[in-house]
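J.: Using the UniProt record's numbering, the letters of the sequence shown correspond one by one to residues 1 to 442.
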Amino acid sequence: MSSPLLRRSLQTLSSKSATMSSTPAQRLQAVQRQFSVSIRRPKEIQDAYILSAVRTPTALFNGSFSSVSAPELGATAIKEALKRSDVPAEKITSVYMGNVMQAAVGQAPARQATIFAGLSPSVEATTINKVCASGLKAVSIAAQQIELGQEEAVVAGGMENMSRVPYYTARGPQLPAFGNITAEDGLIKDGLWDVYNQIHMGNCAENTAKKYEISREQQDEYAIESFKRAGEAWKAGLFKEEVVPVTIKGKKGETVISEDEGYGRLKLDKVATLKPAFDRSGNGTVTAANSSSMNDGASALIVTNKELAKQYGKGKRVLAKIVAYADAAVDPIDFPVAPAKVVPIVLERAGITKEQVKVWEFNEAFAAVIKANAKILGLGSDNVNPRGGAISLGHALGSSGSRILVTLLHQLKKGEYGCAAICNGGGAASAMVVQIVDADEL
């Protein structure tokens, strides 16, 4: 009986003999098989769907949410969005959340929101900072993951607490040996300042107003209309479906915040008398009244593939197909009109015209933003921000992009297209086209 060693030797010799007796082509194929990497066939692009879309109320600066961190606000929105979607928590594999003012928020804000929402520690999380467009960009990234087949169910949205942004001081050798230390306002430094021109975002809006001949009166009129629309929408209960109340624990018990805090604070008789906030030369037109405010809030959406949309989307009011999304950039000082560049791109990708868009949601960073973009794009006013916008509802930076998408979805009916567009500091914008669908027809 031959030993194992002898058998292996005979097998090796037999293999070598077979190799030597084969043709050169056969030997080449054998080598290629040894060193080739199995290449998987590319997957087909899938459609991405939104199953639920919610937001917290938007609180005033130093208002009701001043004790609640951005991730905690985000967690509230995520938890409710998941609940309304009916998608099992174990199906969620990633969370993408926008957050701009991250100083002192703590490590990995999106990860915090994920854990605080009660999702499994195995769920990955990514924080996105594209300034005001962060929340909408988060939804775009989520859509890409679904379309490429990388994931089947994800959370996307944004969160911000501007009330809790700290002041900054230098470190180490930059500190004086003795004497006073100067602190910088983190809000201005990282959220409201044009790095390239060393001016406020409001000065960029002033530049746009002058460039497109938008008067102070036009801006004031738009702002008043925004407050009017927001007030009427709240009075009619139109926001109730999209807003999840936030419970705040305090020394005197719990307080429940269920409405936006800013829409009822307009003093109509003061609007025309306010001094320009940024251009003090006597020619300024941008004021505190026709600009958005600093706010706290969060929003979240559940994005899935078609299979899960069919399974869990039945009867969902906001079930929508993400038809297209896009980004575009302009000169930093022209950031207010960046939406006018991205909108034609996203409409082309969606294969529709502006006339087919039932509702437009533009972020009202300033009244000049809306007036300029409407002028460039040739839009009317009735279907642009029908329920008010950031001027009246508030502008919580990291959440604003996803907030306008949430509000958009709750206005559309089956078959209708809607477009959300938002500019961001640095000279850019993001946009998305969605269409309400029926799960039974997918």
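Ideal Cβ positions, reconstructed from N, Cα and C, are used throughout, including at glycine.
Can you give me the C-alpha to C-alpha distance between residue 426 and residue 137, rounded to a whole angstrom?
T.: For the purposes of this step, residue 426 is identified with residue 426 of the sequence shown, where counting begins at 1. For the purposes of this step, residue 137 is identified with residue 137 of the sequence shown, where counting begins at 1. Roughly 15 angstroms separates the two Cα atoms.
J.: Using only CA atoms, which one of 380, 321, 329, 355 lies nearest to residue 140?
T.: As a first step, residue 140 must be located in the sequence shown, where it is residue number 140. Cα-wise, what sits closest to residue 140 is 321.
J.: In terms of DSSP beta bridges, what is residue 191 paired with?
T.: For the purposes of this step, residue 191 is taken as residue 191 along the sequence shown, with counting starting at 1. None; residue 191 has no bridge partner.
J.: Assuming residue 443 and residue 220 make a contact with CB atoms under 8 angstroms, what is their CB distance in whole Å?
T.: Past the boundaries of the shown model lies residue 443; the chain is included only from 1 to 442, so the question cannot be answered.
J.: Taking the CB atoms as reference points, tell me whether residue 343 and residue 420 lie closer together than 8 angstroms.
T.: In the sequence shown, residue 343 corresponds to position 343, counting from 1. In the sequence shown, residue 420 corresponds to position 420, counting from 1. Not closer than 8 angstroms, so no.
J.: List the DSSP bridge partners of residue 423.
T.: If you number the sequence shown from 1, residue 423 lands on position 423. Looking at the DSSP assignment, residue 423 forms a beta bridge with 429.
J.: Here's a check: name, in chain order, each residue in its chain whose Cβ is nearer than 8 angstroms to the Cβ of residue 315, leaving out the five neighbours to either side.
T.: On the sequence shown, residue 315 is found 315 positions in, with the first residue counted as 1. Closer than 8 angstroms at the Cβ level, and outside the excluded window around residue 315, lie 439.
J.: For the beta strand (DSSP E) containing residue 327, list its first residue and its last residue.
T.: Mapped onto the sequence shown, residue 327 falls at position 327. 320-329 is the span of the beta strand (DSSP E), which, as asked, contains residue 327.
J.: Please classify residue 335 as buried or exposed, where buried requires at least 16 neighbouring CB atoms within 10 angstroms.
T.: Translated into positions along the sequence shown, residue 335 becomes position 335. With 16 or more other Cβ atoms within 10 Å, it is buried.
J.: Could you pull the start and end residues of the alpha helix (DSSP H) that residue 66 belongs to?
T.: For this step, residue 66 is matched to residue 66 along the sequence shown. No alpha helix (DSSP H) holds residue 66; DSSP gives it neither H nor E.
J.: So is residue 435 buried or exposed if we call it buried at 16+ other beta carbons inside 10 Å?
T.: On the sequence shown, position 435 is the one that residue 435 refers to. That one is buried.
J.: So, is residue 161 buried or exposed, given that buried needs 16 or more other C-beta atoms within 10 angstroms?
T.: What you label residue 161 is simply residue 161 of the sequence shown in a count that begins at 1. Burial call: buried.
J.: Just to confirm before moving on: does the CB-CB distance between residue 74 and residue 402 stay below 8 angstroms?
T.: Along the sequence shown, one-based indexing puts residue 74 at 74. Along the sequence shown, one-based indexing puts residue 402 at 402. Against a cut-off of 8 angstroms, the Cβ pair of residue 402 and residue 74 comes out as no contact.
J.: Just the C-alpha distance for residue 380 and residue 170, rounded to the nearest angstrom, thanks.
T.: The residue given as residue 380 occupies position 380 in the sequence shown. The residue given as residue 170 occupies position 170 in the sequence shown. Rounded to the nearest angstrom, the two C-alpha atoms are 48 angstroms apart.
J.: So, at 6 angstroms on beta carbons, what are the nonlocal neighbours of residue 378 in its own chain, with the 5 sequence-adjacent residues on each side left out?
T.: Taking the sequence shown and counting its residues from 1, one reaches residue 378 at position 378. Answer for residue 378: no residue qualifies.
J.: Could you tell me the alpha carbon to alpha carbon distance between residue 129 and residue 25, rounded to whole angstroms?
T.: Counting from 1 along the sequence shown, the entry for residue 129 is found at position 129. Counting from 1 along the sequence shown, the entry for residue 25 is found at position 25. When rounded, the distance between both Cα atoms is 55 angstroms.
J.: Just to confirm my understanding: we take residue 376, look at its own chain, exclude 5 residues before and 5 after, and list those with CB closer than 7 angstroms. What are they?
T.: As a first step, residue 376 is located in the sequence shown; it is residue number 376 there, counting from the start. For residue 376, where only same-chain residues beyond five positions count, the Cβ hits under 7 angstroms are 337, 340.
J.: Just to confirm my understanding: we take residue 364, look at its own chain, exclude 5 residues before and 5 after, and list those with CB closer than 7 angstroms. What are they?
T.: Reading the sequence shown from its first residue, position 364 is the one you call residue 364. These residues qualify, in order along the chain: 226, 292, 370, 385, 389, 390, 391.
J.: Going by Cα to Cα distance, which pick from 179, 184, 156, 89 is closest to residue 166?
T.: Counting from one through the sequence shown, the residue named residue 166 turns up at place 166. For residue 166, the nearest C-alpha among the options comes from 184.
J.: Quick check: residue 284 and residue 217, are their CB atoms within less than 8 angstroms of each other?
T.: What you label residue 284 is simply residue 284 of the sequence shown in a count that begins at 1. What you label residue 217 is simply residue 217 of the sequence shown in a count that begins at 1. Result no, Cβ atoms of residue 284 and residue 217 do not sit closer than 8 angstroms.
J.: Where does residue 10 land, buried or exposed, given buried means 16+ other C-beta within 10 angstroms?
T.: Taking the sequence shown and counting its residues from 1, one reaches residue 10 at position 10. Below a pLDDT of 50, predicted positions are generally treated as unreliable, and residue 10, at 49, falls in that range; the measurement from the model is reported next regardless. Exposed: under 16 other Cβ atoms inside 10 Å.
J.: Rank 50, 65, 99, 181 by C-alpha distance to the C-alpha of residue 400 and give the top, closest one.
T.: Mapped onto the sequence shown, residue 400 falls at position 400. When only C-alpha atoms are compared, the closest one is 99.
J.: Check for me: the beta strand (DSSP E) holding residue 255 runs from which residue to which?
T.: The count along the sequence shown starts at 1 and reaches residue 255 at position 255. It spans 253-257 - the beta strand (DSSP E) in which residue 255 sits, taken as one unbroken run.
J.: Does the count of Cβ pairs from the region 267-285 and the region 81-94 closer than 8 angstroms reach three?
T.: They do not touch, by the three-pair rule.
J.: Applying the 10 Å Cβ sphere with the 16-neighbour rule, what's the burial state of residue 302?
T.: Counting from one through the sequence shown, the residue named residue 302 turns up at place 302. Buried is the call here.
J.: Give the C-beta separation of residue 152 and residue 308 to the nearest angstrom, bearing in mind that I take them to be a contact with Cβ-Cβ under 8 angstroms.
T.: Your numbering for residue 152 matches position 152 in the sequence shown. Your numbering for residue 308 matches position 308 in the sequence shown. Right, the Cβ-Cβ distance comes to about 6 angstroms (below 8 angstroms), so this counts as a contact.
J.: Is the number of C-beta pairs between the region 253-273 and the region 354-364 that are closer than 8 angstroms three or more?
T.: Verdict: no, contact absent.
J.: Among 67, 163, 56, which one has its Cα closest to the Cα of residue 251?
T.: Reading the sequence shown from its first residue, position 251 is the one you call residue 251. When each option's Cα is compared against that of residue 251, the closest is 67.
J.: Using the beta-carbon count (16 or more within 10 Å), is residue 43 buried or exposed?
T.: Within the sequence shown, residue 43 is the residue found at index 43, counting from 1. With fewer than 16 Cβ atoms within 10 Å of its Cβ, residue 43 is classed as exposed.
J.: Starting from residue 204, follow its DSSP beta bridges and name the residues at the other end.
T.: Position 204 of the sequence shown holds residue 204. DSSP output for residue 204 lists no bridge partner at all.
J.: Relative to the C-alpha of residue 373, which candidate in 407, 289, 429 has its C-alpha closest?
T.: What you label residue 373 is simply residue 373 of the sequence shown in a count that begins at 1. Cα-wise, what sits closest to residue 373 is 429.
J.: Would you call residue 387 buried or exposed, if buried means 16 or more other Cβ atoms sit within 10 Å of its Cβ?
T.: Translated into positions along the sequence shown, residue 387 becomes position 387. Residue 387 is buried by the Cβ-count criterion.
J.: In the DSSP assignment, what are the bridge partners of residue 53?
T.: Here residue 53 refers to the residue found at position 53 of the sequence shown. Partner(s): 301.
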